[in-house]
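Structure, as structure tokens:
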Amino acid sequence: HHVINRRHSLSAQAHHAGAPAPPRREKKRETPLALRASVFPRMHHQLKPPEAATLPRHLLEAHVVSLVRQCRSLRALRGAHARLLRLRLPRLTYAFALSKLLASCAASAPTAAAASYARSLFDQIPEPTAFCYNSLIRALATPSNPTTDAFLLYRRMLRAGSPSPNSFTVAFALKACAAVPALGKGRQLHSQAFRQGLEPSPYVQTGLLNLYARCEEVALARSVFDGMAEDKNLVAWSSMIGGYSRAGMVNEALDLFRDMQAAGVSPDEVTMVSVISACAKAGALDLGRWVHAFIDRKGIMVDLELSTALIDMYAKCGLIERARLVFDAMVERDTKAWSAMIVGLAMHGLAEDALGLFSRMLQLKIRPNNVTFIGVLSACAHNGLVDDGRRYWSTMQEMGIKASMENYGCMVDLLCRSGLLDEAYSFVTSMPILPNSVIWRNLLVASKSSNRTDIVGLASKKLFELEPQNPENYVLLSNLYALNSQWDRVRYMRKKMKDNNVTVVAGCSSIEINGYLHKFVVSDGSHPEIKEIRVVLREIADRVLRSGHKPWTAAVLHDVGEEEKEIALCEHSERLAIAYGLLKTKAPHVIRVVKNLRFCPDCHEVAKIISKSYGREIIVRDRVRFHRFIGGSCSCNDFW
DNA sequence: ATAGGGTTAG
């Protein structure tokens, strides 16, 4: 540093003497550290313990500051700590050093290791100031801290009576609650902040807004947002848009995005991640494409996170080729980027590409995680690759990756789809963690056409234990009974549902027309163009009838006459959305529909017929995967 | 005396 500095000052002198200006880059490199080194040249790096005792406090503190400032990792911080210890600093200066270390630790990556080191630093400070409390609360605000230690520390601070919390304290504590997320604790913070007069701080406000947004408490978030001053900042806008996006309220997210620009606030790459993921969630391809063009037009930096969000958006909007283009153009890819691409390919039933990409990932020594394996295993499941799936499962164990519930779910799915019901059953019963409802439901669906009353009995018992209020389970089981014409059992399920106050979740399908998302639920008469839609539905029904298809009426829960069942089937949400697409667009425009639940089997058949009879390409994203209908067949090969 | 808020894969 001395050398660099001297050269620097020499060239600066030469510049004054009329020599050519030094290159620009060199000037930019001038860091505060270099500056400090020139102000305190002797102290940098070579301060010795005997000197420390004789130096004035402000010089020692300056040394501490420069030592801590150059630490770029937790390891470096510990090294600096060790060096400071050897100096045998006076008591007060050492306390200063500890709080500097603590603050630096809090500002580093929020890992569990940083949190525990921060705590040990804090415990060595005899009388922690508010600054120390704040730093520790900040360091504890990691999602890997489910006990919400940060909040407990905040409470301890309040109970002790001093030092009293300030706006930093509340802002950091709110961040901790948002990371969990812990709505109840966050609301307590809200009322305390109000009582202590800390609410007006913009950092407290965005903290509150973000907490509610992360908890999907959109109305609460909005009320904080609306209560903020006229000149709302970028963070507030981004956080609110993120809240709408997370809650799946795409139209609201995009409206707010427009309001933001009207208010003269320029979005940055963080804002755009939320906007893009809103489009992904909704499957709104046209909007997503428009937003991508906007990003390019405004020159917003497409960084790692935004690229990953774009991959996810194109994959979830059914344009897997575009997702691949974004992926291939990336200069740096992390595990999340690879996983997004692999999961996307798997969703589209492109097992070969997904698995090929996975092996390339391994070649490049990018470490996969359990999410990557969700993609890999579901690629196998959707294509009946049982042996490959089993092999990847052991690869996962060999790599020391702990299987998550979702990974177990993928394996159960794989075995069930391939008709290996017995193996699936023993897999479930030998799991080291308690199977969740998704796994039992999968098993239940798989035993639909078997005679395994033992599996049906156990799975349904577990399901109702785990989720007594989930209407899906009631519908599933009564459909199962209906399939076997066990009408008394169907009636019993309906009674049980009524007794437990369970109401059916309506299937909801949406289609994007002219940049607006139209949503439909079953037998939905609320759409302004419902009359025209019903005309199309009748025509579809005619063509379906002429094709010889028999409606699969068991998919209708109600114990009503066959004719009414057929009408109910004809007005399933996905059929309404497809009909609306037929009404509003012309070939070769692709009809793209997104459904919140699984595709109704009868509607799946009907979509095949429509694709042939009307000569239209239809792409439906259901809760599980994509279905692409062309000329009377579906990309899932009826394997779903 | 010192510091801070919004983002991605399931």
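Residue numbers (the UniProt record's numbering): 1 to 640.
The beta carbon of each residue, even a glycine, is placed where N, CA and C say it ideally should be.
Cβ-Cβ distance between residue i and residue j below 7 Å
i, j, result
"residue 370", "residue 404", "yes"
"residue 229", "residue 221", "no"
"residue 166", "residue 130", "yes"
"residue 522", "residue 572", "yes"
"residue 215", "residue 256", "no"
"residue 628", "residue 619", "yes"
"residue 125", "residue 98", "yes"
"residue 536", "residue 577", "no"
"residue 139", "residue 160", "no"
"residue 203", "residue 176", "no"
"residue 636", "residue 608", "no"
"residue 426", "residue 386", "no"
"residue 112", "residue 102", "no"
"residue 422", "residue 381", "no"
"residue 606", "residue 283", "no"
"residue 338", "residue 366", "yes"
According to DSSP, residues forming a beta bridge with residue i
i, result
"residue 513", "516"
"residue 620", "593 and 627"
"residue 343", "The partner list for residue 343 (beta bridge, DSSP) is empty, contrary to what the question assumes."
"residue 135", "DSSP, once it has assigned bridges, lists no residue as partnering residue 135."
"residue 508", "521"
"residue 634", "629"
Length of the line joining the Cα atoms of residue i and residue j
i, j, result
"residue 84", "residue 164", "29 Å"
"residue 76", "residue 114", "12 Å"
"residue 396", "residue 546", "50 Å"
"residue 44", "residue 359", "Note on residue 44: pLDDT 48, under 50, position unreliable in the model; the coordinate value appears next. Straight-line Cα distance between these residues: approximately 49 Å."
"residue 434", "residue 440", "10 Å"
"residue 437", "residue 474", "13 Å"
"residue 516", "residue 420", "44 Å"
"residue 294", "residue 205", "29 Å"
"residue 267", "residue 604", "41 Å"
"residue 512", "residue 349", "23 Å"
"residue 247", "residue 394", "36 Å"
"residue 354", "residue 444", "28 Å"
"residue 328", "residue 352", "17 Å"
"residue 231", "residue 493", "55 Å"
"residue 69", "residue 104", "8 Å"
"residue 450", "residue 456", "9 Å"
"residue 218", "residue 181", "14 Å"
"residue 612", "residue 319", "22 Å"
"residue 341", "residue 324", "7 Å"
"residue 82", "residue 51", "17 Å"
"residue 321", "residue 314", "8 Å"
"residue 286", "residue 534", "26 Å"
"residue 539", "residue 532", "11 Å"
Close Cβ partners of residue i (< 6 Å) along its chain, the five nearest in sequence each way excluded
i, result
"residue 407", "370 and 373"
"residue 303", "269"
"residue 378", "346 and 410"
"residue 431", "408"
"residue 416", "424, 442 and 446"
"residue 168", "134"
Contacting residues, own chain, Cβ-Cβ under 7 Å from residue i (five flanking each side not counted)
i, result
"residue 468", "500"
"residue 209", "221, 224, 225, 236, 239 and 240"
"residue 258", "none"
"residue 570", "537 and 541"
"residue 141", "110, 150, 172, 175, 176 and 179"
Residue i classed as buried or exposed, judged by whether at least 16 other C-beta atoms fall within 10 angstroms
i, result
"residue 487", "exposed"
"residue 528", "exposed"
"residue 589", "exposed"
"residue 20", "Only weak support is given to the placement of residue 20: the predicted model assigns it a pLDDT of 36, under 50, and the value that follows is read from those uncertain coordinates. It counts as exposed."
"residue 465", "exposed"
"residue 343", "buried"
"residue 316", "buried"
"residue 292", "buried"
"residue 639", "exposed"
"residue 134", "buried"
"residue 454", "exposed"
"residue 478", "buried"
"residue 48", "exposed"
"residue 100", "buried"
Neighbourhood of residue i by C-beta, 8 Å cutoff - its chain only, sequence neighbours within 5 removed
i, result
"residue 306", "269, 272, 273, 276, 295 and 300"
"residue 245", "253, 274, 275, 277, 278 and 281"
"residue 448", "480 and 483"
"residue 357", "338, 341, 342 and 345"
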